[in-house]
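Novice:
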Amino acid sequence: LLLFFLQQLVRYISNPPSRSTATSDTASSRGVSYNTRPGSPSSGGGGESKDTQRSTSRLHSHDLLSSDLHSSGSILHHRQHSGGGREGGDLSHGGSSSSSAPISPARLPHVFASSSAAYEGMCSEKKSQTILISGESGAGKTESTKFVMKFLACAGSESLDKRSQVESQVLESNPLLEAFGNARTLRNDNSSRFGKFIELQFETNKRKGTGSSGRLCGARIQTYLLEKVRVCDQQEGERNYHIFYQLCAAAEKAAANGGVYQFPSPGFRKAPEAKLQEMDMSIFEPRDKFRYLTKSSCFQLHGVDDCEEFESTIFAMQTVGIGQEEQMNIFSVVGAVLCLGNVSFETPKGNSEASCVPASCSEYVSKACRLLGVEVRNLEEALCYRSIRTMRESYRKPLKAEEATEMKDALCRALYGCLFLQVVARTNQSIGYRSSVKDPETLLLFCGVLDIFGFECFTFNSFEQLCINFTNERLQNFFNTFVFQCEEELYRAEGIAWNPLDFPDNADCVALLQDKPIGIFSMLDEECIVPAGKDRGFNNKICQKHAGHQRFGVIKTKPNCFLVHHFAGSVEYCTDGFLEKNKDQLSVDLQESIKASSIPFVSNLFTSFLNRGATTTAASSAGGSIEESQSSSSSSTALGGGGGKSKRKFVTVSSEFREQLSCLMDTVNKTAPHFIRCIKPNPQNVPDVFDRSTVNEQLRYGGVLQAVQVSRAGYPVRLSHRDCFEDYKSLADRAFLRDLLANGEGGGGGQQGSVSASEWRRRAEGLLTHLDDKLRLNRSSLQEEKEQEEEKKKSQGEKKAEQKEKAKGKHSQQQPVDQTWAVGKTLCFFKNEAYEILSSYQMKVRVSSATRIQAHYKSFVQRRIFLLYRQTVIFLQSHVRMFLAKLALRRLREERAACLLQRFARMCLQKRKYLKVIQAATCIQAAWRGREARKRCKDLRIQNAASLIAATWKRILARRMLRRLREEAREVSGLIKKAQDLQKDLTDERNRRSEAESHVLQLQAKNDDLSKELKNLQKELQASREEVENLK
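For reference, each letter of the sequence shown is one residue, going 1 to 1032 in full-length UniProt numbering.
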C-alpha cells in the first residue's frame, strides 16, 4: 500500500492537471477561414487574433487548394477524415476581388454553400454564374443537381411555403427528366444516362452593391448524349429507362379497373395539388410481355413503387403544362417502342436475301402502327426494304433478317431519342426563357447548373467513352485556364513576376481530339465520308498521323485500338463500331413512314428533332435542346428529281457534339464558374464505408488531383507579411533580428498592433532576404549546392576543368536567377522548394527549442521527485525499523509455541499410527480366514453342480434316443401301409391283365418288377421288425 501511494504521488507531481482546458476548447470552437477563390488570402472575422486564425486554419481547413497537400495519399487522407464520401468544395467566388467564407471546423463543404456563393455572386457582382457538377455514376450528381436547383429556386422566393408557377415547374422538371432519361445501372439505381445544362434565369437590379436579391423568372434545359442504346439492350443487372416500367405497372394496375387508370390514387402524396384524370391504358401490357424489358433479370428497384413513380411523372407533366392528350401521345410512342421490340424477322422461302415479318408478330406490328398512326403495310415495307436513289432512278433493295432487325432497333432508338427531345422542348416552352425586360433598371441573369458525366475508363472503351472523356478534357482545360487567369490577376495586383510555364496544361490533348483537319474526330468524320471507309482503316490513319504525339499511343498488338493519354490517365479505345456510331444512320424510308403519321405529335417528332436527309435549308431543332439524335444522315449524295441539286447536309454525331460542346463552353466562359466534385465512397452504395482505392481513382478521374496541382503551381504558398515574419523570425540570427526591429517604426519598442502594413512588409522582405542568404532558398543556389556535392567526389583535375567550363557558360549565357519567393503588396509568396526548406528549418528550430524546454522541465520535475523521495524514505525508515522489531518479537513467541505444539502433535501422530497397524493386522487375518472358507465352499458347490450337470445330461441323451425310436416306429408303420397299397395295386394289375391280353408281356414284366420290389420291402420290413424287437 505504501509503494502504491508513492507511485500515485509521483504520477501526480510529474503530470499536474491542465488549467487551459477551457481555453483550448474555446479556441477550437472558433471559426476558421478557407479560400473560396484560388490565390486569395484567408481573412478572419469576429475579432479573432491572426495567430488564432492561422493556427486553426492550418489544422481544420477543408479547402484542398489552401491546404499544404502535395500528394494523392495526403489528399485521400484529408478527404476521408473531413467528410469521406462527397466533396463539394467551391473553387471560385465570382467577381474580381478575392473573398473568403468563415466556417466552423465541424462544417464540411456542401452543395448549398456553392449554391449560395453562386446566388450571392450573381446578385452582388451582376454576373451570370455556372455550377459544374461532375463525378462517376452513383456519386450523387443527380441529387446534388436537385439540391442546387431547389436552393436557387427558393433563394429569391418571397415565401418558402408558397412557390410561384415558374419555381414549381423548374423543380418538377427533375422527376420528369428522370423518368425518361434515368435508368438502373450496375453502379446506381437512378443513374442519369444523359448530360444536361439547366439555365435558371433571374431578375435582379442593375446596380451593384445594393444587396438586391434575384427572383427566378424562367429556365432553359439543354441535354447531351442520351444513351439510346439502352432502349434496345441492357446488361444483366441493369434496367431500361424508368418510364417503360412505370407505364407497364400502370397498365397492369388499370387492367383490374377495366383498363382505365384513375389519377391521382388515394395514396398519392401530392393528391390535393393534382388534377383528376382518367386514362385509357387498355392497349398497354405488363412488363413481362415485352422483349426490351426482359433482357435483364432486374426489373424491380428496392423500395421503389413504379405505380407511385408513374403518378409522380403525371403530376410533373401537369405542373410543367403538358395536357392529358399530349401525355397519352407520349405514352403511345413509349408503348410503340416496346411493341416494335417484340417484332422479329424471318427469311422467306426462295429468297435468302430478303426478310419478312412472321405471322406471330403481326399483332405487335399492328399495335405499334395504331399507336404511331401509320399504315401497317408502309411500316413493314420500310423495315424490310431500303430505297436507293440515284440521279435518274430509284429502286428498292430487300434487307436480310439481321439488317431488318438492326433497322428496327435504330427506329426504336430514334423514336425514343426524339421523344426525349420533345419532352425537353415542351418543358422549356412551358417554363419560358425571357429575352428582354420592360423595366430598364432590371437585369436578366442566369445561374447555370451543368450535370455532366465524369471521366470514364473501362475494360472496353468505345466511341461513347471518347466523347465523354473529350468533354472532361474541355472542362479540365477550362478549369486550368480559369485558375491561370485568377493567378495572373493576383500576381499582377501584387506586383510579382512569375513564370506561366509552371502551370500544367492539357490544351495539346484537346487539340489532338478536335483540331481540324488532323484531329481524331475530324479524321473520323473524313473516314465516314469515304464510300468504303472502315473502322480498321480509321485506326491505321490516326496511328500513322499521331504516332509521335505525346498524348497519343499506338498498341502494336491490337490493330483496332489506340491510346490517348488524358489528364486523368491513359485510356485504350477500341475503334470497332466507331464509324457506325458516328453516322447513326436511319433509312429514309422509315423517316418518311413516321413523318406520314396521322397523329401530328408523332409526325412532328422526326420533322422537328431528326431531320435526317433534309437539305441545308432545313429548320434546326426546336426548344433549345441539344442531343446526339439530331445528327443528319451520313449520305452526301444529291437528292433526285427536278432541276435542283441541293445536297444533303452531312452532320455526324461527333461534329454536332463538338459544336454543342463549343457553344456550352462559350456560355460557361461568360460566367463565373463554381465546381462541385461528387465522390462515391464505395462501389457497394452502403453508408460509413470508405474504399480508398475507389476514392483515389475518382479523385484522379475527376481532375481533383490535377486541380490541386494547377492551383498550387506558380507560388502556391501565400502568407501575409505579418504571418510570414512571425512564423520565420525564429530562423534568423539574433543580431540581424535586433537590427531589423531597431531600424523600423518605433525602434522596435512599439506594440505589434500599432505597426503599419508597410512596416510589416519591410520586416518580411528583410527577413526573407536574410534567410535567402543564410539558407540558400533560390533554385540556382540549390543547384549550385548539388553541383558542389558532386564535385567533391571527383578528382582535382576534373574539378578545375569543369569549373572553367562552368564559368565560361555563365559569362556567355548570363541566365537570370530563378526566384522561389517573392514579396508582394499584401502577401508573401513561396514556391514549394522554398516553403519546404523554411518548414524543415523551422521544424528543426522548434524541435531544438522544445528539447531545451523539456530538459529544464524534466530537471525541475526530477528534483521535486528526489526531495519527495528523500523525505518519504526518512519517514518510512523509522516506521519500518519499529515494524521490523515488532515482527522479530512476534516471531520468537511463535517459535516457542510452535515447539510445544510440535511435541504434542508428534505423540498424537505416533499413537494414531500404532492403532492403525493393530487394526490393519486384525483385518488382514479375518480376510485371510474368510478367503480360505469361501474357497472350500466354492469347491464343494462346484462338485455338486458337476454331479447335477452329469445327471441332467444323461437324462437329456436318453430322452433324445427315445424320441428317435418313436419316429422310426412311425416310419415302419408307413412302410407297411405302403406295402398294402402295393398289394392292392398288384391285384388291380392282375385284373387288368385279364382284360387286356395284348399287354400281357408288359404286365408280366411289370409284375416281376413289382414282385422284386415287394420282396425287398418285405426284407426291409422284416429288418425293421427285428430292430424294433432289439430295441425293446
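Built from N, CA and C at the ideal position, the CB exists for glycine as well. A quick note: this is a predicted structure, and the numbers were derived from the prediction, not measured.
Out of Q318, K228 and C361, state which residue places its alpha-carbon closest to the alpha-carbon of F290.
Specialist: C361
Novice: In chain order, what residues of the same chain have a beta carbon less than 6 Å from the beta carbon of N604, not counting five sequence neighbours either side?
Specialist: Residues of the same chain with their beta carbon placed closer than 6 Å to that of N604 are lacking, with the five preceding and five following residues left out of the count.
Novice: Would you call the CB atoms of A732 and L777 closer than 8 Å?
Specialist: no
Novice: Can you name the start and end residues of the beta strand (DSSP E) that N685 belongs to?
Specialist: That residue, N685, is in no beta strand (DSSP E); it is neither H nor E in DSSP.
Novice: According to DSSP, simplified to helix, strand and coil, what is V571?
Specialist: strand
Novice: Would you say A139 and C678 are within 8 Å of each other, going by their C-beta atoms?
Specialist: yes
Novice: Exposed or buried, which one is residue 1054 when buried takes at least 16 other CB atoms within 10 Å?
Specialist: Residue 1054 falls outside the range modelled here, since the chain spans only 1 to 1032, and no answer is possible.
Novice: If I measure Cβ to Cβ from K1006 and keep anything under 8 Å in the same chain, skipping five residues before and after, which residues do I get?
Specialist: E989
Novice: Would you call the stretch 332-351 and the stretch 403-416 touching, i.e. three or more CB-CB distances under 8 Å?
Specialist: Yes: the two stretches touch, three or more of their Cβ pairs being nearer than 8 Å.
Novice: For the 8 Å Cβ check, are there 3 or more pairs between the stretch 545-559 and the stretch 349-363?
Specialist: No: the two stretches stay apart, fewer than three of their Cβ pairs being nearer than 8 Å.
Novice: For G237, does the three-state DSSP call read helix, strand or coil?
Specialist: coil
Novice: According to the Cβ coordinates, are E238 and L186 closer than 8 Å?
Specialist: In this structure, L186 lies closer than 8 Å to E238 by Cβ.
Novice: Here's a check: name, in chain order, each residue in its chain whose Cβ is nearer than 7 Å to the Cβ of E1029, leaving out the five neighbours to either side.
Specialist: none
Novice: Quick one: give me the first and last residue of the beta strand (DSSP E) that S134 is part of.
Specialist: Q129 to S134
Novice: Taking the beta strand (DSSP E) that I314 belongs to, which residues open and close that run?
Specialist: Premise fails: I314 lies in the alpha helix (DSSP H), D306 to V320, not in any beta strand (DSSP E).
Novice: Let me know the secondary structure DSSP gives R184 once reduced to three states.
Specialist: coil
Novice: If the criterion is Cβ atoms closer than 8 Å, does the pair G335 and L247 meet it?
Specialist: yes
Novice: What does DSSP give as the partner residue(s) for M279 in the beta ladder?
Specialist: Y261
Novice: Going by C-alpha to C-alpha distance, which of Y292, G267 and L225 sits closest to E236?
Specialist: Closest in alpha carbon position to E236, among Y292, G267 and L225, is Y292.
Novice: Which partner residues does R718 have in the DSSP bridge list?
Specialist: F829
Novice: Find out if the Cβ-Cβ distance for the pair I496, A155 is shorter than 8 Å.
Specialist: no
Novice: May I have the straight-line CA-CA distance separating E487 from D723, to the nearest angstrom?
Specialist: 21 Å
Novice: Flag this pair as touching only if the stretch 198-208 and the stretch 124-131 have three or more C-beta atom pairs under 8 Å; answer yes or no.
Specialist: yes
Novice: Is it buried or exposed, H856, if we count other Cβ atoms within 10 angstroms and call 16 or more buried?
Specialist: exposed
Novice: Is P716 buried or exposed, if buried means 16 or more other CB atoms sit within 10 Å of its CB?
Specialist: So P716 counts as buried.
Novice: Near S312, what residues of its chain come up, given a Cβ to Cβ distance below 6 Å and the 5 sequence neighbours on each side ignored?
Specialist: P175
Novice: Going residue by residue through the stretch 752-782, where are the continuous alpha helix (DSSP H) segments of at least 4 residues, counting only ones entirely within it?
Specialist: 757-775
Novice: Taking the C-alpha atoms as reference points, what is the distance between Q630 and F609?
Specialist: With a pLDDT of 36 at Q630, under the threshold of 50, the predicted position of this residue should be treated as unreliable, though the coordinate-derived value follows. Between Q630 and F609, the C-alpha separation is close to 6 Å.
Novice: So if DSSP puts Q222 in a beta bridge, which residue, or which two residues, is it bridged to?
Specialist: Looking at the DSSP output, Q222 shares a beta bridge with F197.
Novice: Here's the rule I'm using: 16 or more other beta-carbon atoms within 10 Å means buried, otherwise exposed. How should K1012 be labelled?
Specialist: exposed
Novice: Could you work out which residue in S430, P504 and D515 is closest to K545 when comparing CA atoms only?
Specialist: With distances taken between Cα atoms, K545 lies closest to D515.
Novice: With 16 as the cutoff for other CB atoms within 10 Å, does M391 come out buried or exposed?
Specialist: By the neighbour-count rule (16 or more Cβ atoms within 10 Å), M391 is not buried but exposed.
Novice: Suppose the cutoff is 6 Å on Cβ atoms and the five residues either side in sequence are ignored; what does the same chain contact list for E833 look like?
Specialist: T820
Novice: Taking all protein chains shown into account, decide if L1031 is buried (16 or more other Cβ within 10 angstroms of its Cβ) or exposed.
Specialist: exposed
Novice: When we look at the beta-carbon of L524 and count the other beta-carbons within 10 Å, is it buried (16 or more) or exposed?
Specialist: buried
Novice: So what does A118 bridge to, in DSSP terms?
Specialist: Bridge partners of A118: none, in fact.
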